[in-house]
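Student: Can you keep this structure in mind? I'll have questions shortly.
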Amino acid sequence: MRLSVPILLLVGNPIFAGESALLSSGSRLHVDRHESLGAVVRLYNAGGSIELSSAQIVGFEPDEPLSVVPAVPIPAAPPPPSPQQLADAAADKYGLPRQLVRRVMAAESNFQPHAVSPKGAIGLMQLMPQTAQLLGVNPQDSAQNVDAGARYLRELLEKYHGALYHALAAYNAGAAAVDKYNGIPPFAETIHYVSRIAKDWGRPAAPELTTAESDPASRPK
98 MRLSVPILLL
108 VGNPIFAGES
118 ALLSSGSRLH
128 VDRHESLGAV
138 VRLYNAGGSI
148 ELSSAQIVGF
158 EPDEPLSVVP
168 AVPIPAAPPP
178 PSPQQLADAA
188 ADKYGLPRQL
198 VRRVMAAESN
208 FQPHAVSPKG
218 AIGLMQLMPQ
228 TAQLLGVNPQ
238 DSAQNVDAGA
248 RYLRELLEKY
258 HGALYHALAA
268 YNAGAAAVDK
278 YNGIPPFAET
288 IHYVSRIAKD
298 WGRPAAPELT
308 TAESDPASRP
318 K
């Protein structure tokens, strides 16, 4: 046997496409191709070639073609839900009109997730830290913030037996203020807040809003 250059003998399953020379010894030799030269056979691979006696080779078998595994595309992460989508989900969860929760969010933060008021209210629904603590949520997390805000609004509506303007006033000024004045407190900010949401939501302004705005002293003590 004459070697023209050293080559790597692979016994077993080939790792490259080509063919296998079946040797009389029972071994298999992976090669890229072969060339018959009478009494000898020249076998080629990437490292060079080797010549064997024809009597040493029983035959050749083509290797199985290598299967190419297609790359699996990695799906892009879905975008985070918008403030409006968070509002709708929370409204549905707590049985509130979607547009109402959206209008409260607009009045509170103008749909800005990172809004912080001068008084320290946080996020889309402007939760005060102590309120968020009572509700057991992280106010910096938009989903938790909106969920808690809608839950709190639902609780206020239940507290005031469905009186929307009372619930909105309590959301803005606190339930203690609404209870003290037995209705919407005569605070310009609260009156404007309730009026804005009522108008944006398509509800007529309550007579008590007009009365309170024109004559705060007329509000019940």
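In terms of this note's numbering, the sequence shown opens at residue 98 and continues consecutively. All C-beta atoms in this analysis are idealised placements derived from N, C-alpha and C, irrespective of residue type, glycine included. All figures in this text were calculated on a predicted structure; none of them were measured in a lab.
Where do the ends of the beta strand (DSSP E) carrying E205 lie?
Tutor: Looking up residue 205 in the sequence shown gives position 108. It is not in any beta strand (DSSP E) - E205 instead sits in the alpha helix (DSSP H) that spans 195–206.
Student: Ordered along the chain, which non-local residues of its own chain (more than five positions away) have a Cβ less than 8 Å from that of R251?
Tutor: Locating residue 251 in the sequence shown gives position 154, counting from the first residue. Taken in chain order, the residues that qualify are Y191, G192, L193.
Student: Give me, in chain order, the residues of the same chain whose beta-carbon lies closer than 7 Å to that of L100; leave out the 5 immediate sequence neighbours on both sides.
Tutor: Within the sequence shown, residue 100 is the residue found at index 3, counting from 1. Reliability of the predicted coordinates at L100 is poor, the pLDDT of 40 falling under 50, and the value obtained from them is presented with this limitation in mind. If we look at L100 and ignore the five residues flanking it on each side, its Cβ neighbours are I147.
Student: If D297 and R200 are in contact, beta carbons under 8 Å, what's the gap, nearest whole angstrom?
Tutor: As a working mapping, residue 297 is identified with position 200 in the sequence shown. As a working mapping, residue 200 is identified with position 103 in the sequence shown. So it is a contact: roughly 5 Å between Cβ atoms.
Student: Would S117 be called buried (16 or more neighbouring beta carbons within 10 Å of its own) or exposed?
Tutor: Locating residue 117 in the sequence shown gives position 20, where the first residue counts as 1. The residue in question, S117, is buried, as its Cβ has 16 or more Cβ neighbours within 10 Å.
Student: Excluding the 5 residues flanking G121 on each side, which residues of the same chain have their C-beta closer than 8 Å to its C-beta?
Tutor: As a working note, residue 121 is residue 24 in the sequence shown. Position check: residue 121 holds Ser in this sequence, whereas Gly was assumed. Hits under 8 Å: A152, Q153, I154, V155.
Student: Does the Cβ of A227 have 16 or more other Cβ atoms within 10 Å, making it buried, or fewer, making it exposed?
Tutor: As a first step, residue 227 must be located in the sequence shown, where it is residue number 130. Looking at the sequence provided, one finds Gln at residue 227 rather than Ala. Exposed, since its Cβ has fewer than 16 Cβ neighbours within 10 Å.
Student: Label V169 either buried or exposed according to how many other C-beta atoms from any shown protein chain fall within 10 Å of its C-beta, with 16 as the threshold for buried.
Tutor: Residue mapping note: residue 169 aligns to position 72 of the sequence shown, counting from 1. Its Cβ having fewer than 16 others within 10 Å, V169 is exposed.
Student: From what residue to what residue does the beta strand (DSSP E) around Y141 run?
Tutor: Within the sequence shown, numbered from 1, the residue matching residue 141 stands at position 44. Run containing Y141: 137–142, per the beta strand (DSSP E) assignment.
Student: Cβ of G220 within 9 Å of Cβ of P236?
Tutor: Within the sequence shown, residue 220 is the residue found at index 123, counting from 1. Within the sequence shown, residue 236 is the residue found at index 139, counting from 1. Yes, the Cβ-Cβ distance between G220 and P236 is below 9 Å.
Student: Do H97 and I288 have their C-beta atoms within less than 9 Å of each other?
Tutor: Lying before the first or after the last residue shown, residue 97 is absent from the chain, which here runs from 98 to 318.
Student: Only counting the same chain, and skipping five residues up and downstream in sequence, which positions put a Cβ closer than 6 Å to that of R195?
Tutor: Stepping through the sequence shown from its first residue, residue 195 is reached at position 98. Closer than 6 Å at the Cβ level, and outside the excluded window around R195, lie D185, A188.
Student: Could you tell me the distance, in whole angstroms, from the CA atom of G115 to the CA atom of L149?
Tutor: As a first step, residue 115 must be located in the sequence shown, where it is residue number 18. As a first step, residue 149 must be located in the sequence shown, where it is residue number 52. Roughly 18 Å separates the two Cα atoms.
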